[in-house]
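Below: the structure, in structure tokens.
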Amino acid sequence: AQSVTQLDSHVSVSEGTPVLLRCNYSSSYSPSLFWYVQHPNKGLQLLLKYTSAATLVKGINGFEAEFKKSETSFHLTKPSAHMSDAAEYFCVVRDTGKLIFGQGTELSVKP
Amino acid sequence: NAGVTQTPKFQVLKTGQSMTLQCAQDMNHEYMSWYRQDPGMGLRLIHYSVGAGITDQGEVPNGYNVSRSTTEDFPLRLLSAAPSQTSVYFCASRPLGGGAYGYTFGSGTRLTVV
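So the sequences go chain by chain: A and B. With my numbering, letter number 79 in the first sequence gets 79, and the count goes up by one each step, no holes. With my numbering, letter number 113 in the second sequence gets 113, and the count goes up by one each step, no holes.
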């Protein structure tokens, strides 16, 4: 079975500084990986997805993620954090049609 | 607007009561699913359906029933609510087929069982 592990439950950055949210995956074959964002008391929004095309995936709102097979990682980055980025982020792998969620990383952005 | 609609948004139940969480989508998606979200545990799959008349269990199905009589609707039933079912519930849908389609999520139902 496939799985994902988000390495940080909480990340705090200052506005204007880079964001790094870490995710490792476990898969016996080429996975489909996603990042979702959930703002407070809201539903989930797809940020980006990896489907075995380009290893560097660009998403919405300036986020991107790089698929590294050798490291089994799919970390989410953004060059400059904005206050509106404060939310919970989920790394997700698709396993036989079902989504398997990581535990989530809460991102705080300080002014 | 096209999307996934969940009702109600909030609900408080007493232990032992029953209720149905509604989920409807207007995108003609074959696949629909229910997740529950609990702090520190991400989202966990309760039940899913790949089309009308077809349902299957996910990771945490106990205490929940589903049916799929139409493509559009996928209700989740709690027959006898328990405090352990206090959670936020999300319905999600996507088209069937190959490729890694992104799912469309509803805005959630926050359920408290007292």
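Virtual Cβ for every residue (Gly too), placed ideally from N, Cα, C. All of these numbers come straight from a predicted model, not from anything done at the bench.
Do residue i and residue j have their C-beta atoms closer together than 7 Å?
i	j	result
Val113 (chain B)	Gln85 (chain B)	yes
Gln6 (chain A)	Ser27 (chain A)	no
Thr105 (chain A)	Val11 (chain A)	yes
Met32 (chain B)	Ser69 (chain B)	no
Sort the options by Cα distance to residue i and report the nearest one.
i	options	result
Leu96 (chain B)	B:Asn28, B:Thr5, B:Pro75	B:Asn28
Tyr64 (chain B)	B:Val4, B:Lys9, B:Leu21, B:Gly102	B:Leu21
Thr17 (chain A)	A:Lys68, A:Asp85, A:Ser70, A:Lys58	A:Asp85
Ser108 (chain A)	A:Glu88, A:Lys98, A:Ser32	A:Glu88
Asp8 (chain A)	A:Pro111, A:Lys110, A:Gly102	A:Gly102
Thr104 (chain B)	A:Leu20, A:Cys23, A:Arg22, A:Tyr36	A:Tyr36
Kindly list, in the order they appear in chain B, the residues whose Cβ is closer than 8 Å to that of residue i.
i	result
Leu21 (chain A)	Going along chain B, no residue has its Cβ under 8 Å from Leu21 (chain A), so there is no contact; the nearest lies around 14 Å.
Lys68 (chain A)	Chain B residues near Lys68 (chain A): none, gap ~18 Å exceeds 8 Å.
Lys98 (chain A)	Ser33, Leu45, Tyr48, Gly58
Phe90 (chain A)	Gly42, Leu43
Sort out for me which residues DSSP pairs residue i with in a bridge.
i	result
Tyr89 (chain A)	A:Val37, A:Thr105
Lys110 (chain A)	A:Ser14
Thr7 (chain B)	B:Gln22
Please report the straight-line C-alpha distance between residue i and residue j, rounded to a whole angstrom.
i	j	result
Gly99 (chain B)	Lys49 (chain A)	Its pLDDT being 49, under 50, Gly99 (chain B) is placed unreliably by the model, and nothing is read from it.
Arg77 (chain B)	Val93 (chain A)	27 Å
Thr55 (chain A)	Phe90 (chain A)	19 Å
Met41 (chain B)	Tyr25 (chain A)	16 Å
Tyr48 (chain B)	Asn62 (chain B)	13 Å
Lys14 (chain B)	Arg110 (chain B)	14 Å
List, in chain order, every chain A residue whose beta-carbon is nearer than 9 Å to that of residue i.
i	result
Met41 (chain B)	Phe101, Gln103, Gly104
Could you list which residues in chain A have their beta carbon closer than 7 Å to that of residue i, in chain order?
i	result
Gly106 (chain B)	Gly43
Residues of chain B with a CB under 7 Å from the CB of residue i: which are they?
i	result
Phe74 (chain A)	Result: empty, since nearest Cβ-Cβ is about 13 Å, beyond 7 Å.
Cβ closer than 8 Å: which chain A residues qualify as neighbours of residue i?
i	result
Ile90 (chain B)	The sequence shown places Phe at residue 90 (chain B), rather than the Ile named in the question. Correct list: Gly43, Leu44.
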